[in-house]
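Scroll down for the structure; my scribbles are underneath it.
There are 2 protein chains.
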Amino acid sequence: MKHDRILLEHGSGGLLSNELVTETFLPHLKNPCLDRLEDSAVFNLNGKRYCFTTDSYVVNPIFFPGGDIGSLAVHGTINDLAVAGGRPLFLSAAFILEEGFPMNDLERIVKSLGRAAADAGVFIATGDTKVVPRGAADGMFINTAGIGEIRYPAPLAVGSIRPGDAILVSGFIGDHGAAILASREELTLSTALKSDSAPLNGLVESLLEASPRVHAMRDATRGGLGGILAEIAARSGFEMTMEEKDIPLRDEVRGICEIMGIEAIFLANEGKLVLFCPEEDAPQVLKAMKSHPLGKDGAVIGRVLEHGPGRLVLNNAFGGSREIDLPTGELVPRIC
Amino acid sequence: MKHDRILLEHGSGGLLSNELVTETFLPHLKNPCLDRLEDSAVFNLNGKRYCFTTDSYVVNPIFFPGGDIGSLAVHGTINDLAVAGGRPLFLSAAFILEEGFPMNDLERIVKSLGRAAADAGVFIATGDTKVVPRGAADGMFINTAGIGEIRYPAPLAVGSIRPGDAILVSGFIGDHGAAILASREELTLSTALKSDSAPLNGLVESLLEASPRVHAMRDATRGGLGGILAEIAARSGFEMTMEEKDIPLRDEVRGICEIMGIEAIFLANEGKLVLFCPEEDAPQVLKAMKSHPLGKDGAVIGRVLEHGPGRLVLNNAFGGSREIDLPTGELVPRIC
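Next up, the structure:
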């Protein structure tokens, strides 16, 4: 059944997002780059491979513990390039501002965006600003697109995943989603919790140096670890398992999830990657991960099975297991 | 005096837009690409020159005579690449949708965007969709970023403009702005008027073939012909003159301007370029322009003087003249 209007869920990174892409966008935009459905397009320019990606940021609130919409817009796009094996080179930054937006807040955001780019070693090469009348947008939206140079020889893509692969995650999951939730809701919890928003390009470079056989990486943003892996499992055609006890999860995030009745594996991350590599390489990749500040809490959390339909199964600590589907509904609108 | 809140005028392409860029954005994002302040960044990748640009589209209404926000988002970004001497290769497309947006309208827009890209020979290589709750955005915004390959050896930039250059425009001005205005206001005029939204990459290629000495090009979007030329004059440090009688202007646009009390030279175009070349090359460039469907109404409209401060002077048919400043105020919010 096709919906006749856009629902919040179409932007969730879950089932309806997928449907929108495959049923509404792809049929009219079909081409070899887009059809891969990875976070970045990959193409040759003058004999070398480059990647190219775009994301709009509509996060609410624009300032949150651990970051703001400016740093997030830099980290998010850098991460999409990094997980394609790209060294980020240039970003664009396009602002849509609501009339009446405070100039001081704009300056803070631009400064934060500039610092995040400089810290990650990328240039903001080009930009744009549009202003819409009061009420036509909520405060500020930012789009960043980015270009990266691919230096890793193998294709990092869902199609490269093989049976027997280990699945690693680079640290505690759900921090970004929980921090945004906590900054919106009137929770009585202490909120030492911060977004994990961070640029993953340095971590990725050290992981690719550690193993020349990494098969695929993804940053686990909208849809969370569970949503990303369920999507990858479905597309790969392999059954994948996760061990609940091995998934790094902070007590504070667990607490917020229990109070709100949501699952941490579906909460967005903005500085965590999921990685697939041959099981025999997993120890050296994990070691490289743990020796990087942004991967020190990394873990092997699952594996790709030899057989079975394309689906994701979560095994819990008590011997039970259940299938994890692409999330439906929208847990946290404007999460990024 | 610095404003403490964003005004509509900050998005006009005029004086306050310039101020926002130079006072709020550049200080925090400073780098050699951005500091050129051209519509596209230009850089080397693997020994070849490429250009990179971004624009968000917030036009209202999203369907208008002569196009829609989808085709506009493709044409606008292609044109920014083309006037940098770039052959457009890849575009990104990022949608921000308001909850409740009609799916049929989205399909029409995506189809139009896809067709515009295919017609211009570019790939939509990567994309993104965000959905915000009702009231947090007005319908739909689109961002496109683009990458082009520069094949013209000389730098096409304000810094290349020389005294004595002829100034050409590729056809009737103000059509886009007037068409959007007419589609909003309750005008009793007949509205055969259509936006001039079109991809200029083909025209640009034939112009660059006609003269190896074209110095600079710009597409005359926000701020119109007058705004773009006033900005270029100020930045170049040269006095420039325009002859009012030589500026191609449709009677319908003149009529709308008279009714609304606005100047056609400040109305946005989405398929018109301004070009600077040595006066002796102007005849062959104009001939090439007129032999292309998108330049058939082109004309030489002015020149760059030998001396004088960086300013733009408009000479009228009766021997009078006046200085044209960067426009202030915002004629038509959400024009593109």
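Protein sequences appear in the order of chains U and P.
Under the working numbering, the letters of the first sequence match residues 35 to 370, in that order.
Under the working numbering, the letters of the second sequence match residues 35 to 370, in that order.
Yeah, the Cβ is synthetic: ideal placement off N, Cα and C, and Gly gets one too.
Item, Value
"Residue range of the beta strand (DSSP E) that includes alanine 179 (chain P)", "174-184"
"First and last residue of the uninterrupted alpha helix (DSSP H) at proline 61 (chain P)", "60-63"
"Inter-stretch contact (C-beta, 8 Å, three-pair minimum) for the region 279-297 of chain P and the region 155-168 of chain P", "no"
"Check whether glycine 363 (chain P) and glutamate 57 (chain P) have beta carbons under 8 Å apart", "no"
"Alpha-carbon spacing of valine 366 (chain U) relative to alanine 150 (chain U), whole angstroms", "25 Å"
"Pairwise C-alpha distance: glutamate 141 (chain U) and aspartate 315 (chain U)", "46 Å"
"Classification of asparagine 94 (chain P) by the beta-carbon crowding that lies within 10 angstroms, buried from 16 upward", "buried"
"Where lysine 279 (chain U) falls: helix, strand or coil (DSSP)", "helix"
"Separation of leucine 237 (chain U) from histidine 326 (chain U), as counted between CA atoms", "6 Å"
"Beta-carbon proximity check, alanine 264 (chain P) vs glutamate 273 (chain P), cutoff 8 Å", "no"
"Nearest neighbour of aspartate 38 (chain P), chosen from U:Asn138, U:Pro61, U:Thr111 [CA to CA]", "U:Asn138"
"Glycine 258 (chain P) to glutamate 292 (chain P) span [Cα, whole Å]", "17 Å"
"Test: alanine 188 (chain U) CB closer than 8 Å to a CB of chain P", "no"
"Under 7 Å from the C-beta of threonine 255 (chain U): neighbouring residues of chain P", "Result: empty, since nearest Cβ-Cβ is about 11 Å, beyond 7 Å."
"Same chain, Cβ closer than 7 Å to serine 270 (chain U), neighbours up to 5 away in sequence not counted", "Val192, Ile195, Gly344"
"C-alpha gap between leucine 147 (chain P) and threonine 88 (chain P), whole angstroms", "16 Å"
"Cβ of alanine 107 (chain P) within 8 Å of any chain U Cβ", "no"
"Reference phenylalanine 86 (chain U), options U:Thr178, U:Ala116, U:Leu71, U:Gly182, closest by Cα", "U:Gly182"
"Alpha-carbon to alpha-carbon, glycine 260 (chain P) and isoleucine 299 (chain P)", "5 Å"
"Proximal residues of chain P, C-beta to C-beta of cysteine 67 (chain U) below 9 Å", "Phe124, Phe157, Ile158, Ala159, Thr160"
"Nearest residue (CA-CA) to glycine 161 (chain U), options P:Asn177, P:Phe157, P:Val319", "P:Asn177"
"Chain-ordered neighbours of arginine 39 (chain U) on chain P, where CB pairs are closer than 9 Å", "Glu133, Gly134, Phe135, Pro136, Met137"
"Any chain P beta carbon closer than 8 Å to leucine 54 (chain U)", "yes"
"C-beta neighbour in chain U for glycine 336 (chain P), strict 8 Å", "no"
"Under 7 Å from the C-beta of glutamate 141 (chain P): neighbouring residues of chain U", "Thr58"
"Where glycine 81 (chain U) meets chain P, residues with beta-carbon distance less than 8 Å", "Asn80"
"Aspartate 230 (chain U) - DSSP class collapsed to helix/strand/coil", "coil"
"Identity of the residue in U:Arg288, U:Ala75, U:Gly353, U:Ala212 nearest cysteine 370 (chain U) by Cα", "U:Ala212"
"Length of the line joining the Cα atoms of phenylalanine 157 (chain P) and phenylalanine 77 (chain U)", "11 Å"
"Beta-carbon gap between leucine 60 (chain P) and aspartate 69 (chain P) smaller than 8 Å", "yes"
"DSSP bridge partner residues for leucine 202 (chain U) (one or two, in chain order)", "U:Leu309, U:Val334"
"Any C-beta of chain P under 8 Å from that of isoleucine 181 (chain U)", "yes"
"Sufficient close CB pairs (3 or more, under 8 Å) joining the region 115-122 of chain P to the region 228-236 of chain P", "yes"
"Neighbourhood of serine 46 (chain P) by C-beta, 6 Å cutoff - its chain only, sequence neighbours within 5 removed", "Glu364"
"Sequence-distant residues of the same chain with beta carbon closer than 8 Å to phenylalanine 206 (chain U), five excluded per side", "Asp230, Pro282, Leu283, Arg284, Val287, Lys306, Asp331"
"Where the beta strand (DSSP E) through threonine 111 (chain P) begins and ends", "Looking at the DSSP string, threonine 111 (chain P) is not in any beta strand (DSSP E); the run it does join, the alpha helix (DSSP H), is 103-116."
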